[in-house]
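Visitor: This is the structure I have questions about; it appears just below.
What follows is the structure, given as structure tokens:
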């Protein structure tokens, strides 16, 4: 039973810290935290500039696709670098309730069933509050119009104002920024273009699952097939893939997520297609064609050359936008020049252990691609690499910055925001686990190194097995740590938790210290009556 295993893990974490103490509800000593989401990670409202009426257009259930098409579909203006809604009466805004947290918490606050499908920073907000953070005093959010470029002046000006407001509200304390996904590119652009403001107000920046060098497989299939924000049955209640596709074709943000051409990829991402080629003798052959990053743009152009969408009864051409590509390449140049200011610390958490689309392939030997404009109807297959299911670990690690630490955590791209591994790391980096007996000379950190969980049913019982490993890292471990395994042999102990109809047992093994590291391994098994 997963609940019992959670109790075991929590018990072990307390033991690893060698101290048990109640968490204060509000901790006045904490430095403020500002949460910055990624693409599609902010609630967006449409304001009718004639009547002042405001309605949520992202995310919603009732009338979702219609509102999306009429209020959010837009066209890019190369003179300003901004994508503007087709409806001239509509202005897109981000609600600022709860000090900006409302817009990045649950993206559809009205959803009753399956709300976890639209959770964004929800679990992290709950966890931060448990640690003593307080909304409006030490905990804030920054939502933004994710259609726009990550260097749009309007967005960066809003971020500068939010940093100043957070700094003031917290009594002049410097800020910890926690960004997710594309939010990392936004923060990196801001750090480059407004380095003085960044250095004045920011203490630490923690980037989670940031596509620093792009998300090749994700973006390629998005351009050609569209994108779903959620998977499974919940997707039936949200925006169709094709409606999302027609929006993103005119969004600078998605072009800025394309794979970086200058990056030295260990695994080069490709666009592949099975094509039929005629020979001079009249015979044909089915071959697999591969296009590197630079050449794939020509495929996008041809595939989308006749793409249109209908708006108010008018068919409007919507080809691959080379003006946006030019803008996005300039954004990449800006980010490549970014440097972390001397007084700011940067940390990087990236997702691992999931198959992540990298090279995208269309067609097969039996069904070759004969018309590029029909690619939208093909189901792509992928050559995958390690990552979080969306961003390759190779891309997320390559931040190009002076980093205090880079840590890989098993987790899915959005799901990583509710991983307890991430919470433990954040708690340490944010110094939110204050100990009255803390001595920086013998400080240590507990980092997760492995996590596996399996479930199966057997003879009317549900059996869950868990394996988790940690490393305790310290410059000078205290005598208590050293004496745990003084004889050189691992120390083995057990933990058990039980309740009616369920029981869980665990074995904890602590290995001898080696080069400042001590390995801890947990193996647990729970058995419960299958309801």
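Residue numbers (this note's numbering): 1 to 531. Note that beta-carbon positions come from the ideal geometry of N, C-alpha and C, so glycine has one too.
(1) Among all the DSSP beta bridges, which residues are the ones paired with residue 180?
(2) Exposed or buried, which one is residue 213 when buried takes at least 16 other CB atoms within 10 Å?
(3) Jot down the residue ranges of each uninterrupted alpha helix (DSSP H) in the segment 39-98, minimum 4 residues, whole runs only, in chain order.
(4) Using 8 angstroms as the threshold, is the segment 30-38 in touch with the segment 173-188, meaning 3 or more CB pairs across them?
(5) Kindly identify the DSSP beta-bridge partner or partners of residue 506.
(6) So residue 104 packs on residue 208, CB below 8 angstroms; how close in whole Å?
(7) Going by DSSP, which residues form a beta bridge with residue 465?
(8) By DSSP, does residue 368 sit in helix, in strand, or in coil?
(9) Evaluate residue 483 with the Cβ neighbour count: other Cβ atoms within 10 Å of its Cβ, from every protein chain shown; 16 or more gives buried, anything less gives exposed.
(10) I'd like to check one pair, residue 49 with residue 91: are the Cβ atoms closer than 8 angstroms?
(11) Just reading off the beta strand (DSSP E) that residue 271 is part of, what are its end residues?
(12) Which complete beta strand (DSSP E) runs does the segment 310-365 hold, if anything under 3 residues is left out?
(13) Looking only at its own chain, which residues have a Cβ that is under 8 angstroms from the Cβ of residue 315, when we skip the five neighbours before and after it?
(14) Classify residue 453 as buried or exposed, calling it buried when 16 or more other Cβ atoms lie within 10 Å of its own Cβ.
(15) Please report how far the alpha carbon of residue 341 lies from the alpha carbon of residue 366, in whole angstroms.
(16) Spell out a yes or no on whether the segment 270-283 and the segment 353-364 are touching, meaning 3 or more CB-CB pairs, one atom from each, closer than 8 angstroms.
(17) Does DSSP classify residue 406 as helix, strand or coil?
(18) If you drop the 5 nearest sequence neighbours on each side, which residues of the same chain put their C-beta closer than 7 angstroms to that of residue 287?
(19) Near residue 284, what residues of its chain come up, given a Cβ to Cβ distance below 6 angstroms and the 5 sequence neighbours on each side ignored?
(20) Between residue 138 and residue 216, which are expected to be in contact by the criterion C-beta below 8 angstroms, what is the C-beta distance as a whole number of angstroms?
(21) Should residue 201 go down as buried or exposed, given a rule of 16 or more other Cβ atoms within 10 Å for buried?
(22) Just to confirm, is the Cβ distance from residue 193 to residue 156 under 8 angstroms?
(23) If the criterion is Cβ atoms closer than 8 angstroms, does the pair residue 100 and residue 141 meet it?
(24) Could you check where the alpha helix (DSSP H) with residue 155 kicks off and where it finishes?
(25) Taking residue 504 as the reference, give the member of 510, 511 and 496 with the closest Cα.
(26) Looking at C-alpha atoms only, which residue of 249, 392 and 375 is the closest neighbour of residue 383?
(27) Spell out a yes or no on whether the segment 291-311 and the segment 386-400 are touching, meaning 3 or more CB-CB pairs, one atom from each, closer than 8 angstroms.
(28) Where does residue 194 fall in DSSP's three states?
(29) For residue 392, which residues does DSSP report across the bridge?
(30) Tell me the residue span of the beta strand (DSSP E) that contains residue 246.
(31) Whole angstroms is fine: what's the gap from residue 280's alpha carbon to residue 178's?
(32) Just grab the DSSP bridge partners of residue 308 for me.
(33) From the DSSP output, read off the bridge partner residues of residue 514.
(34) Can you name, in chain order, every residue of its own chain whose Cβ lies under 7 angstroms from the Cβ of residue 251, other than the five neighbours on each side?
(35) May I ask you to list the residues that DSSP assigns as paired with residue 288?
(36) Out of curiosity, what's the CA-to-CA distance linking residue 300 and residue 376?
Guide: In short:
(1) Here residue 180 refers to the residue found at position 180 when the chain shown is read from its first residue. 208, per the DSSP bridge assignment.
(2) Stepping through the chain shown from its first residue, residue 213 is reached at position 213. Counting Cβ neighbours within 10 Å, residue 213 comes out buried, since at least 16 surround it.
(3) 64-67
(4) yes
(5) Stepping through the chain shown from its first residue, residue 506 is reached at position 506. Partner(s): 495 and 524.
(6) Residue 104 sits at position 104 when you count from the first residue of the chain shown. Residue 208 sits at position 208 when you count from the first residue of the chain shown. About 13 angstroms; that fails the 8 angstroms criterion.
(7) In the chain shown, the residue the question calls residue 465 occupies position 465. Partner(s): 454 and 525.
(8) The residue you call residue 368 lines up with position 368 of the chain shown. If DSSP states are grouped into helix, strand and coil, residue 368 belongs with coil.
(9) Sequence index remark: in the chain shown, residue 483 carries index 483 (1-based). Because the pLDDT at residue 483 is just 46, under 50, the model does not fix this residue reliably, and the point stays unresolved.
(10) In the chain shown, counting from the first residue as 1, residue 91 sits at position 91. In the chain shown, counting from the first residue as 1, residue 49 sits at position 49. In this structure, residue 49 lies closer than 8 angstroms to residue 91 by Cβ.
(11) Locating residue 271 in the chain shown gives position 271, counting from the first residue. Taken as a continuous stretch (DSSP letters only), the beta strand (DSSP E) holding residue 271 covers 271-278.
(12) 314-317, 345-352 and 354-362
(13) Indexing the chain shown from 1 puts residue 315 at position 315. Excluding residues within five positions, the ones whose Cβ falls inside 8 angstroms are 308 and 309.
(14) The sequence position of residue 453 within the chain shown is 453, counting from 1. Flag for residue 453 reads exposed.
(15) Locating residue 341 in the chain shown gives position 341, counting from the first residue. Locating residue 366 in the chain shown gives position 366, counting from the first residue. Taking the straight line from one Cα to the other gives about 55 angstroms.
(16) yes
(17) Indexing the chain shown from 1 puts residue 406 at position 406. Here residue 406 sits in strand by DSSP.
(18) By 1-based counting over the chain shown, the position of residue 287 is 287. Taken in chain order, the residues that qualify are 275 and 277.
(19) To locate residue 284, count along the chain shown from 1; it is residue 284. Excluding residues within five positions, the ones whose Cβ falls inside 6 angstroms are 276 and 278.
(20) If you number the chain shown from 1, residue 138 lands on position 138. If you number the chain shown from 1, residue 216 lands on position 216. Contact doesn't hold; Cβ gap of about 38 angstroms is too wide.
(21) Mapped onto the chain shown, residue 201 falls at position 201. Residue 201 should be labelled buried.
(22) Position 193 of the chain shown, counting from 1, holds the residue named residue 193. Position 156 of the chain shown, counting from 1, holds the residue named residue 156. Going by C-beta atoms, residue 193 is nearer than 8 angstroms to residue 156.
(23) Sequence index remark: in the chain shown, residue 100 carries index 100 (1-based). Sequence index remark: in the chain shown, residue 141 carries index 141 (1-based). Against a cut-off of 8 angstroms, the Cβ pair of residue 141 and residue 100 comes out as a contact.
(24) To locate residue 155, count along the chain shown from 1; it is residue 155. Residues 153-169.
(25) On the chain shown, residue 504 is found 504 positions in, with the first residue counted as 1. Out of 510, 511 and 496, 496 has the C-alpha closest to the C-alpha of residue 504.
(26) Here residue 383 refers to the residue found at position 383 of the chain shown. Answer by Cα proximity: 392.
(27) no
(28) Numbered from 1 along the chain shown, position 194 holds the residue referred to as residue 194. It is coil, neither helix nor strand.
(29) Position 392 of the chain shown, counting from 1, holds the residue named residue 392. Beta-bridge pairing links residue 392 to 387.
(30) Position 246 of the chain shown, counting from 1, holds the residue named residue 246. Element bounds for residue 246: not the beta strand (DSSP E) but the alpha helix (DSSP H), 241-248.
(31) Numbered from its first residue, the chain shown carries residue 280 at position 280. Numbered from its first residue, the chain shown carries residue 178 at position 178. Distance between the alpha carbons of residue 280 and residue 178: 60 angstroms.
(32) Working through the chain shown from its first residue, we reach residue 308 at position 308. According to DSSP, which records beta bridges pairwise, residue 308 is partnered with 317.
(33) On the chain shown, residue 514 is found 514 positions in, with the first residue counted as 1. In the DSSP output, where bridge partners are listed per residue, residue 514 has 517.
(34) Along the chain shown, read from residue 1 onward, the residue named residue 251 stands at position 251. Closer than 7 angstroms at Cβ, skipping near neighbours: 83 and 147.
(35) Here residue 288 corresponds to residue number 288 of the chain shown, with the count starting at 1. For residue 288, which the question treats as bridged, DSSP gives the partners 274.
(36) Here the question's residue 300 lines up with position 300 in the chain shown. Here the question's residue 376 lines up with position 376 in the chain shown. Cα-Cα distance, rounded: 11 angstroms.
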